[in-house]
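Quick note, our numbering runs 4 ahead of the 1-based positions in the sequence shown.
For every residue, glycine included, the Cβ atom is placed at its ideal position computed from N, Cα and C.
These numbers come from a predicted model, not from an experiment.
These notes are about the structure you will find just below.
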Amino acid sequence: MGWRYEDDLDYYQAAHRLRKRHGRLWLILWGPASRAYFAFFQGQAHVPPIVAATSEELHARIVRTERELAHPPAARS
5 MGWRYEDDLD YYQAAHRLRK RHGRLWLILW GPASRAYFAF FQGQAHVPPI
55 VAATSEELHA RIVRTERELA HPPAARS
């Protein structure tokens, strides 16, 4: 039996909830072939894609990234 969209419906719904929670600055996807969540920052800063196995882990990593963007480390002299 092949893969069907319905097989991963819970994962797609979790990705949708994360998109709503984090707003327009993040493109959030569920990758059925990779079995992972992906987040792509759509703002001005260069942020590498975030990959996580669970929606909870992705949320935590997005929050951490947003915190780092809001409070970048002091420049070294």
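Checklist entry - Excluding sequence positions up to five away, which residues of its chain have a Cβ less than 6 Å from the Cβ of Phe44? => result Here residue 44 corresponds to residue number 40 of the sequence shown, with the count starting at 1. Excluding sequence neighbours, Phe44 sits near Leu31, Pro53.
Item to check | CB of Ala49 within 8 Å of CB of Leu33, strictly | outcome: Numbered from 1 along the sequence shown, position 45 holds the residue referred to as residue 49. Numbered from 1 along the sequence shown, position 29 holds the residue referred to as residue 33. For Ala49 and Leu33, no; Cβs fall outside 8 Å.
Checklist entry - Residues bridged to Trp30 by DSSP? => result Counting from 1 along the sequence shown, the entry for residue 30 is found at position 26. In DSSP, Trp30 forms a bridge with Phe45.
Checklist entry - How about Ala19 and Tyr41: do their beta carbons lie closer than 8 Å? => result As a working note, residue 19 is residue 15 in the sequence shown. As a working note, residue 41 is residue 37 in the sequence shown. Against a cut-off of 8 Å, the Cβ pair of Tyr41 and Ala19 comes out as a contact.
Next on the checklist: Going by DSSP in three states, Ala37 sits in which element: helix, strand or coil?
Outcome noted: For this step, residue 37 is matched to residue 33 along the sequence shown. In this structure, Ala37 counts as coil in the three-state DSSP scheme.
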